[in-house]
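Chemist: Have a look at this one.
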Amino acid sequence: MEGSDEVYDHLMRLLRERVPELATQLSEEVAAGRSVDGERLSERERMTRDGMMREARVGRLQRGDVAVVPYTADERLMFLCEALLRMAETLQGSLQAVSLMAEEHQVESTMIEFAEPDGTNSVVLDSSDLIYLTARTVDEMRRLVVPVNEAMGAQL
Amino acid sequence: MKRYELEKAVEDAIGFLDQAYRNIAKPSDLYEAALFAAAVRAATGAGGRCLITNDGISTAANLRFRCSPGNLWSRNFTYALVSFPNGKRLEIHLGVYVLAGRVAHECDVAVLDHSEAERSRAGGVHPRKGKNQLISCVEAKLYAASPPLGIGRAFLGLATELGRGKCSLAFPSKASKNIAALMAGKPYEHFDELVPGGGKVEDRFCHHLETAIRNWLAM
């Protein structure tokens with residue numbers, strides 16, 4: 000898509016402000032690029048790399064070589080969308096799994112507390128409220144992100 | 000889809016996720032708690048009767064988990080006490096130290112023989128990693144994009160310390176080719192795409208833990 004680079008940069012800036020942990024995870028993966036077996040590179044990519052290696056007098060691609068191919072801007076956008084959806088689904092699934100366990104084992108309260116072992120700090124979640132919020136987040140996320148991914152996928 | 004529509008859709012999606020993230024406050028800890036719930040399911044699947052407890056006697060009134068690693072004997076944190084028909088009992092803990100050699104390692108989810116846990120509580124000493132002591136442990140990583148290689152290497156180090164075949168690594172994203180290659184052929188399982196709440200990967204994870212528990216039961 001035209002302008003994917005700018006869109007991705009803008010969205011990553013926003014993500015970094017709002018959900019910095021996820022932005023860091025994505026940046027790391029994008030920076031690492033995609034590993035591809037030398038033999039599986041596209042014909043064009045293979046010829047280019049073989050040519051550069053010949054020029055540098057270092058032989059050519061061999062069996063066992065692993066090349067790194069940078070992600071395109073469209074692929075990066077797809078990654079971003081997939082990661083957003085995956086995170087939302089994980090939060091919702093986690094909350095549901097913990098609540099279900101509590102219910103099945105007769106834990107009365109719907110409160111889940113996460114506390115420091117020394118008792119200095121704790122956070123209490125009310126799973127009955129949050130289940131609705133996270134389910135809505137997943138629904139909204141699917142509504143928003145799936146069409147984007149389909150649109151991007153169609154262009155790849 | 001037009002460029003501005005796409006941009007707006009993803010901006011809104013980030014907004015929704017941000018809201019959920021803020022409300023949950025401890026997303027990584029919640030993911031670990033979900034894997035604890037999966038371990039409870041596995042123990043029940045192996046034929047155990049499970050008590051979710053904060054004192055070892057009665058059912059917990061509410062769930063209270065550690066949000067950073069701590070000692071097993073620290074009081075009033077939730078764990079599972081599982082009893083089997085053959086009289087054996089195990090415990091499932093979240094975020095406790097387990098001793099390997101002279102080093103205490105953090106286990107996100109630890110499945111321990113009950114007598115080892117009792118010993119730990121009585122003496123204020125870390126549970127040990129022996130084959131009748133530590134049954135299984137899980138390293139959880141809340142990564143929605145593939146974890147970097149360093150995470151895989153750190154896990155392999157931990158797994159080597161805690162004993163062959165005992166540790167597994169779980170994360171929600173798909174593993175990159177690099178991390179999958181690092182784990183290939185090693186005697187430690189990794190479960191990528193483990194999104195709690197059902198699905199094949201979670202079933203495979205539970206089955207893996209259930210097998211470890213069944214093997215311990217047969218010892």
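One line per chain: the protein sequences are A and B, in this order.
Here numbering that gives the first Met the number 0 is used: the first residue of the first sequence is 0, the next is one more, and so on.
Here numbering that gives the first Met the number 0 is used: the first residue of the second sequence is 0, the next is one more, and so on.
In this text, a Cβ means the ideal position worked out from N, Cα and C, and glycines have one as well.
Figure out for me which residue from B/20, B/172 and B/72 has the closest Cα to the Cα of residue 90 of chain B.
Modeler: In the second sequence, residue 90 of chain B corresponds to position 91, counting from 1. Checked all of B/20, B/172 and B/72; the closest Cα to residue 90 of chain B is B/72.
Chemist: Return yes when the Cβ of residue 130 of chain B is within less than 8 Å of the Cβ of residue 98 of chain B, no when it is not.
Modeler: Residue 98 of chain B sits at position 99 when you count from the first residue of the second sequence. Residue 130 of chain B sits at position 131 when you count from the first residue of the second sequence. Contact flag unset, no.
Chemist: Can you give me the start and stop residues for the alpha helix (DSSP H) that residue 207 of chain B sits inside?
Modeler: For the purposes of this step, residue 207 of chain B is identified with residue 208 of the second sequence, where counting begins at 1. Here the alpha helix (DSSP H) through residue 207 of chain B covers 199–217.
Chemist: Compute the Euclidean distance between the alpha carbons of residue 133 of chain A and residue 47 of chain A, then round it to the nearest angstrom.
Modeler: Within the first sequence, numbered from 1, the residue matching residue 133 of chain A stands at position 134. Within the first sequence, numbered from 1, the residue matching residue 47 of chain A stands at position 48. So the alpha carbons of these two residues sit roughly 48 Å apart.
Chemist: Just grab the DSSP bridge partners of residue 121 of chain A for me.
Modeler: Position 122 of the first sequence, counted from the first residue, corresponds to residue 121 of chain A. Residue 121 of chain A is bridged to A/114.
Chemist: Shorter than 8 Å from the beta carbon of residue 51 of chain B to some beta carbon of chain A?
Modeler: Residue mapping note: residue 51 of chain B aligns to position 52 of the second sequence, counting from 1. So, interface residue.
Chemist: Run down chain A in chain order and give the residues with a C-beta less than 9 Å from the C-beta of residue 196 of chain B.
Modeler: By one-based count along the second sequence, residue 196 of chain B stands at place 197. Result: 88, 89, 91, 92, 93, 94, 95, 96 and 99.
Chemist: So with CB distances below 9 Å, who are the chain B contacts of residue 68 of chain A?
Modeler: On the first sequence, position 69 is the one that residue 68 of chain A refers to. Ordered by position in chain B, no residue passes the 9 Å Cβ test against residue 68 of chain A, which lies about 11 Å from the chain.
Chemist: Could you check the C-alpha separation between residue 81 of chain B and residue 207 of chain B for me, to the nearest Å?
Modeler: Within the second sequence, the letter at position 82 stands for residue 81 of chain B. Within the second sequence, the letter at position 208 stands for residue 207 of chain B. Going by the C-alpha atoms only, they are around 17 Å apart.
Chemist: For the segment 45–78 of chain B, which residues have a CB atom closer than 8 Å to at least one CB atom of chain A, in sequence order?
Modeler: For the segment 45–78 of chain B, the set of residues with a beta-carbon nearer than 8 Å to any beta-carbon of chain A comprises 49, 50, 51, 58, 59, 60, 61, 62, 63, 64, 65, 66, 67, 68, 69, 70, 73 and 76, in chain order.
Chemist: From what residue to what residue does the alpha helix (DSSP H) around residue 78 of chain B run?
Modeler: Here residue 78 of chain B corresponds to residue number 79 of the second sequence, with the count starting at 1. No alpha helix (DSSP H) holds residue 78 of chain B; the beta strand (DSSP E) holding it covers 78–82.
Chemist: Going along the chain, which unbroken runs of the beta strand (DSSP E) with 3 or more residues stay wholly within the segment 9–54 of chain A?
Modeler: Counting only runs of 3 or more, we get 33–36.
Chemist: Does the CB of residue 40 of chain A have a neighbour CB from chain B at under 8 Å?
Modeler: Start at 1 with the first residue of the first sequence, and residue 40 of chain A comes out as number 41. No, no contact with chain B.
Chemist: Is DSSP giving residue 57 of chain A helix, strand or coil here?
Modeler: Locating residue 57 of chain A in the first sequence gives position 58, where the first residue counts as 1. Coil.
Chemist: Can you tell me the Cα-Cα spacing of residue 214 of chain B and residue 197 of chain B, whole angstroms?
Modeler: Residue mapping note: residue 214 of chain B aligns to position 215 of the second sequence, counting from 1. Residue mapping note: residue 197 of chain B aligns to position 198 of the second sequence, counting from 1. Spanning the two alpha carbons is a distance of roughly 24 Å.
Chemist: CB residue 223 of chain B to CB residue 144 of chain A, shorter than 8 Å?
Modeler: The structure shown does not extend to residue 223 of chain B, since chain B spans only 0 to 218, so no value can be given for it.
Chemist: Assuming residue 83 of chain A and residue 13 of chain B form a contact by the criterion Cβ under 8 Å, report the distance between their Cβ atoms to the nearest whole angstrom.
Modeler: For the purposes of this step, residue 83 of chain A is identified with residue 84 of the first sequence, where counting begins at 1. For the purposes of this step, residue 13 of chain B is identified with residue 14 of the second sequence, where counting begins at 1. Contact holds; Cβ gap of about 7 Å.
Chemist: For residue 96 of chain A and residue 194 of chain B, I'd like the C-alpha separation in whole angstroms.
Modeler: Here residue 96 of chain A corresponds to residue number 97 of the first sequence, with the count starting at 1. Here residue 194 of chain B corresponds to residue number 195 of the second sequence, with the count starting at 1. Taking the straight line joining both Cα atoms gives about 10 Å.
Chemist: List, in order along the chain, the chain A residues whose C-beta lies closer than 8 Å to that of residue 10 of chain B?
Modeler: For the purposes of this step, residue 10 of chain B is taken as the residue at position 11 of the second sequence. Residues of chain A passing the Cβ test: 10 and 13.
Chemist: Roughly how many angstroms lie between the CA atoms of residue 9 of chain B and residue 137 of chain A, to the nearest whole one?
Modeler: Start at 1 with the first residue of the second sequence, and residue 9 of chain B comes out as number 10. Start at 1 with the first residue of the first sequence, and residue 137 of chain A comes out as number 138. One C-alpha to the other measures close to 13 Å.
Chemist: Residues of chain B with a CB under 8 Å from the CB of residue 136 of chain A: which are they?
Modeler: The residue labelled residue 136 of chain A in the question sits at position 137 within the first sequence. Those within 8 Å of residue 136 of chain A in chain B are 15, 16, 18 and 19.
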